[in-house]
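Student:
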Ligand SMILES: CC(C)(COP(=O)(O)OP(=O)(O)OC[C@H]1O[C@@H](n2cnc3c(N)ncnc32)[C@H](O)[C@@H]1OP(=O)(O)O)[C@@H](O)C(=O)NCCC(=O)NCCS
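Numbering (this note's numbering), first residue to last: 997 to 1179.
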């Protein structure tokens, strides 16, 4: 599957079991279905998106929480069978467009210090490291890991705007991306 074939749309309650199942594949401490449903209620301060393949299957999801004029990317995941094909970039770009549409002034997130895949994705959008939260992640096995705190302080930065505009377009020259994007 190429990223341009993927439809990015708002998450609904019907998507929650599939979101939970995907999360359980890629996250040591996945969000519960109950927590996900709670997140869906407050649309004024939250945006939750899913990425849907051409056959209707869910291949990814992401979430943004708004606090004052800042957006916090609290979750992003792509089905391991479809990673590294630009889907994560498409979903993140959609969240960033939402943040721009909301008029937010900055974006931030935490990422495991060892998560080179996610760090690579965020760097492409211009997220820059601003600090470390020691032992931020506590896994079910009791092990801990530091979080890197990344920020985009200038949402008019050309690197950021170019990444948001072009994510996923390269895969097919932009044709399918323009025809299937709904978010
Ligand atoms: C992070 C994640 C969402 C990326 O999704 P994806 O669809 O594979 O990402 P993309 O294909 O759009 O890749 C975009 C960029 O991210 C980086 N990247 C993605 N996967 C990578 C990997 N396995 N190794 C190194 N860099 C990687 C690269 O810079 C890549 O650009 P490139 O392909 O031009 O080199 C995915 O790996 C995932 O679901 N991981 C598990 C959940 C997770 O860690 N979420 C982040 C929590 S903070």
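We treat Cβ as the ideally placed atom computed from N, Cα and C, and that holds for glycine.
Along the chain, where does the alpha helix (DSSP H) containing residue 1120 start, and where does it finish?
Tutor: Residue mapping note: residue 1120 aligns to position 124 of the chain shown, counting from 1. Residue 1120 -> alpha helix (DSSP H) spans 1112 to 1120.
Student: Could you say which of 1105, 1005, 1096, 1041 lies nearest to residue 1132 if we only look at CA atoms?
Tutor: The sequence position of residue 1132 within the chain shown is 136, counting from 1. Answer by Cα proximity: 1105.
Student: For residue 997, which three-state DSSP category applies?
Tutor: Residue numbering aside, residue 997 sits at position 1 when the chain shown is read from its first letter. Residue 997 falls in the coil class under three-state DSSP.
Student: If the criterion is Cβ atoms closer than 7 Å, does the pair residue 1014 and residue 1081 meet it?
Tutor: As a working mapping, residue 1014 is identified with position 18 in the chain shown. As a working mapping, residue 1081 is identified with position 85 in the chain shown. Taking 7 Å as the Cβ cut-off, residue 1014 and residue 1081 do not qualify as a contacting pair.
Student: Do the stretch 1048 to 1065 and the stretch 1081 to 1092 touch if we need at least three Cβ pairs shorter than 8 Å?
Tutor: Contact between the stretch 1048 to 1065 and the stretch 1081 to 1092 is present, because at least three Cβ pairs lie under 8 Å.
Student: Is residue 1054 near ligand 1, judged by its Cβ being under 6 Å from some heavy atom?
Tutor: Here residue 1054 corresponds to residue number 58 of the chain shown, with the count starting at 1. No, since every heavy atom of ligand 1 falls outside the 6 Å radius drawn around the Cβ of residue 1054.
Student: Measure the C-alpha to C-alpha separation of residue 1203 and residue 1023 and round it to an integer number of angstroms.
Tutor: This structure gives no information on residue 1203, because the portion of the chain shown stretches from 997 to 1179.
Student: Run the CB neighbour count on residue 1128, radius 10 Å, all protein chains shown included, and call it buried at 16 or more, exposed below.
Tutor: On the chain shown, residue 1128 is found 132 positions in, with the first residue counted as 1. Exposed.
Student: Compare the beta carbon distance of residue 1159 and residue 1120 with 7 Å and say whether it is the shorter of the two.
Tutor: What you label residue 1159 is simply residue 163 of the chain shown in a count that begins at 1. What you label residue 1120 is simply residue 124 of the chain shown in a count that begins at 1. Yes, the Cβ-Cβ distance between residue 1159 and residue 1120 is below 7 Å.
Student: Does the distance between the C-beta of residue 1083 and the nearest non-hydrogen atom of ligand 1 fall short of 6 Å?
Tutor: Position 87 of the chain shown holds residue 1083. For ligand 1, at least one heavy atom lies less than 6 Å from the Cβ of residue 1083.
Student: Can you tell me where the beta strand (DSSP E) with residue 1049 in it begins and where it stops?
Tutor: Here the question's residue 1049 lines up with position 53 in the chain shown. Run containing residue 1049: none; DSSP gives neither H nor E here.
Student: Between which two residues does the alpha helix (DSSP H) containing residue 1104 stretch?
Tutor: Stepping through the chain shown from its first residue, residue 1104 is reached at position 108. First-last for residue 1104: 1102 to 1108, but that is the beta strand (DSSP E), not the alpha helix (DSSP H).
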